[in-house]
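In the UniProt record's numbering, the protein residues as written are 1 to 761.
The structure appears right after this line, and notes come after that.
What follows is the structure in structure tokens.
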């Protein structure tokens with residue numbers, strides 16, 4: 001087999017066996033993403049809050065395979081181009097455009113959704129055009145309509161990533177892997193396996209599959225066969241067959257869509273278990289050389305692999321390989337690189353006798369036949385990248401990897417810590433809480449809102465759903481909605497449970513956080529003080545004490561702040577084994593106390609301790625790490641060492657840009673910090689503010705307050721430059737967001753109105 005590594009692929013290379021289900025499945029796998037979402041609307045290219053929200057929703061629904069048009073002629077030109085690329089289109093169109101264009105004559109438009117302000121006005125179009133499946137007036141109904149029509153194009157778990165088969169894992173000094181998404185990915189699959197297997201789960205899965213394949217008689221027969229004959233010991237057989245199971249399960253993992261994972265939990269659980277059991281039975285002790293051909297490896301994924309030589313990657317879902325290089329090379333034969341995709345041949349070494357955590361199954365051995373040559377890896381398998389080079393013989397990028405256990409013991413340990421956090425959780429809350437902890441706010445909001453909608457008013461979990469929505473709103477800085485949800489929860493709890501019950505304390509703590517966020521410190525302290533009366537668990541009491549301490553710093557009562565912080569620290573150290581964030585918050589508060597008193601040495605000790613602890617224990621995308629960076633930069637400025645602060649922030653920025661996507665919101669926050677440091681350099685300042693705004697506007701629904709503040713600062717810059725029309729535009733956008741998140745009598749709205757009133761042009 002070693003000689004085949006250098007063989008030239010000729011035009012007459014042998015074809016794989018016609019009964020090779022692996023080759024058929026890989027071909028189907030490469031052609032999954034053939035849909036494009038298009039939004040055609042007069043406002044599609046505007047940057048109003050409503051338009052930005054629509055574009056963000058569409059992008060997240062379809063992995064950035066989306067286009068926006070405000071001109072019918074340009075839209076029709078693009079339609080003709082897409083026709084030649086075998087694309088199918090789901091069109092979201094305004095009512096006015098839908099009334100003017102003969103959409104029923106455009107054959108590559110598979111589905112049409114009218115998105116407008118008045119559904120009654122365009123009902124006649126739906127009655128005469130079978131392609132129009134819905135008329136929506138709200139973003140939530142639009143999202144639901146798209147998801148119902150194209151269940152394979154639901155929300156992407158990790159923002160702004162294309163459909164990936166691999167994920168790079170960032171090394172950290174204490175765990176080996178520093179990718180929060182990976183840990184939650186593994187935790188979630190483990191969570192799925194803890195859910196009891198019920199017939200309802202199977203029925204729901206098959207019902208959704210029937211909807212997806214409602215126009216495919218072959219797959220509908222296959223779904224019916226699955227329903228009648230499937231048993232747990234046949235999970236591998238169904239996955240390695242060329243059927244709907246492989247297609248949809250593989251797509252769910254490639255797009256990292258946990259809503260689909262949850263839908264397929266009945267089957268995924270069986271497949272994971274059978275792979276583990278079969279791996280133990282086969283007890284492979286040899287060294288395997290495996291291959292995988294891929295014609296549509298995203299360009300960004302290849303660049304990521306090239307820049308991570310020597311580092312680790314994990315598979316997204318189940319990972320099929322072949323012992324036969326001829327099969328793998330046949331699959332890529334004749335394929336060429338395109339603007340967005342690269343042709344790749346993976347060569348994977350598996351030293352089985354030295355591996356204890358890698359789970360894989362020889363499919364030929366399992367089936368008792370020869371010819372398939374497939375080796376199937378379980379979810380989350382880890383590999384080390386050895387080299388990435390272009391191979392002229394294969395006309396492909398050759399990616400050499402080896403299976404490894406490196407970091408996997410640490411992974412298991414950390415996952416066990418996470419599981420402890422959720423082990424006593426209410427099953428109705430667990431799924432949404434996990435989404436919330438993964439920062440998947442859109443999906444978490446949909447889940448909790450769905451639970452509120454379907455739960456009767458007497459349901460005991462109803463106030464808990466409101467609490468979770470309130471916490472979510474606090475994360476996204478939508479203060480107004482946070483108050484509404486916490487208040488709804490509080491009103492229900494007051495009527496149903498004893499006033500000193502600790503669940504009431506959870507809600508009051510949330511209300512205290514709300515009042516602290518809108519700078520109503522007196523009301524916040526009242527809420528926090530009530531929390532301390534209740535029967536809280538020690539950790540929650542410590543968090544409440546830290547919240548109070550932070551307020552007393554603002555009130556310049558440093559002794560009170562210090563005493564509360566020390567009390568919280570002692571509780572945390574005595575009672576909690578998983579208290580990194582609380583300790584970081586504690587150190588940060590101590591630093592703020594000393595900084596306010598100009599004791600710079602002690603302030604630096606605590607700020608450094610918080611920063612180092614955040615680097616050791618938190619994932620790279622955790623916002624608390626940014627808070628620690630800002631605190632150290634601020635300390636340097638207070639010590640008249642602004643250049644040190646700037647240099648430090650650029651070092652951090654370089655690190656984040658290396659490991660996060662270019663438009664990750666943490667990079668925007670760093671841009672904002674750097675802009676603040678350049679207060680005396682207007683050119684640099686505006687440059688970083690505008691860079692931050694570009695990212696924030698893509699995530700506007702997740703970071704309202706920060707986006708509004710950025711808009712205000714840019715508006716102030718243009719006001720100074722006497723560009724009054726530009727300044728007014730930014731102020732108006734800022735005001736639009738602030739009206740959404742603050743109640744009308746809040747001082748913030750008065751401040752922005754004053755700024756608007758100062759412009760006279």
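The C-beta atom is built at its ideal place from N, Cα and C for all residues, glycine as well.
- By the Cβ neighbour-count rule, residue 731 is buried, with 16 or more other Cβ atoms within 10 Å of its own.
- Beyond the five residues adjoining it in sequence on each side, residue 67 comes within less than 8 Å, by CB distance, of 36, 37, 38, 39 and 78 in the same chain, given in chain order.
- Cβ-Cβ separation between residue 291 and residue 325: approximately 5 Å, consistent with a contact (criterion under 8 Å).
- Going by DSSP, residue 384 is part of the beta strand (DSSP E) stretching over 382-391.
- Sorting 597, 634 and 52 by C-alpha distance to the C-alpha of residue 608 places 634 at the top.
- Look at residue 298 here: in three-state DSSP terms it is strand.
- Exposed is the label assigned to residue 124, since fewer than 16 other Cβ atoms lie within 10 Å of its Cβ.
- At least 8 Å separates the beta-carbon of residue 403 from that of residue 435.
- Scanning the region 332-360 for uninterrupted beta strand (DSSP E) segments of 3 residues or longer gives 341-351, listed from N- to C-terminal end.
- Taken in chain order, the complete beta strand (DSSP E) segments of 3 or more residues contained in the region 77-146 are 88-93, 109-115 and 132-136.
- Counting C-beta atoms within 10 angstroms of its own C-beta, residue 433 has 16 or more neighbours from the protein chains shown and is therefore classed as buried.
- Ranking 594, 55, 587 and 375 by CA distance to the CA of residue 143 puts 55 first.
- Residue 695 has its alpha-carbon roughly 5 Å from the corresponding atom of residue 663.
- DSSP, read as helix, strand or coil, puts residue 742 in coil.
- Only residues of its own chain outside the window of five on either side were considered, and among them 582 have a CB closer than 7 Å to the CB of residue 543, listed in chain order.
- The Cβ neighbour count for residue 527, taken over all protein chains shown within 10 Å, is at least 16; the residue is labelled buried.
- In this structure residue 480 is buried. Its beta-carbon is surrounded by 16 or more other beta-carbon atoms within 10 angstroms.
- Rounded to whole angstroms, the gap between the alpha carbons of residue 624 and residue 614 is 7 Å.
- Judged by DSSP in its simplified three-state form, residue 373 adopts coil rather than helix or strand.
- Judged by DSSP in its simplified three-state form, residue 402 adopts strand.
- Closest in alpha carbon position to residue 295, among 344, 449, 305 and 264, is 344.
- In this structure residue 197 is not in contact with residue 262, their Cβ atoms being roughly 14 Å apart against a cut-off of 8 Å.
- Annotated three-state conformation of residue 44 is coil, per DSSP.
- By the Cβ rule, the region 302-316 does not count as touching the region 276-288, because fewer than three pairs are nearer than 8 Å.
- Nearest in C-alpha terms to residue 713, of all of 691, 698, 702 and 699, is 691.
- Annotated three-state conformation of residue 362 is strand, per DSSP.
- At least 8 Å separates the beta-carbon of residue 399 from that of residue 331.
- When secondary structure is reduced to three states using DSSP, residue 317 falls in the coil class, being assigned neither helix nor strand.
- With a threshold of 16 other beta carbon atoms within 10 Å, residue 348 meets it and is buried.
- Membership of residue 469 in the alpha helix (DSSP H) is indicated by the continuous run 462-475.
- Comparing C-alpha distances from residue 310 to each of 127, 385, 665 and 644 shows the shortest one belongs to 385.
- Of the candidates 129, 698 and 372, 372 places its Cα closest to the Cα of residue 242.
- In the structure shown, residue 519 falls within a coil segment according to DSSP collapsed to helix, strand and coil.
- One thing to note: residue 236 has its Cβ no nearer than 8 Å to the Cβ of residue 192.
- In this structure the region 544-552 touches the region 560-573; the number of beta carbon pairs closer than 8 Å is three or more.
- Across the structure, residue 430 and residue 760 are spaced so that their CA atoms are roughly 54 Å apart.
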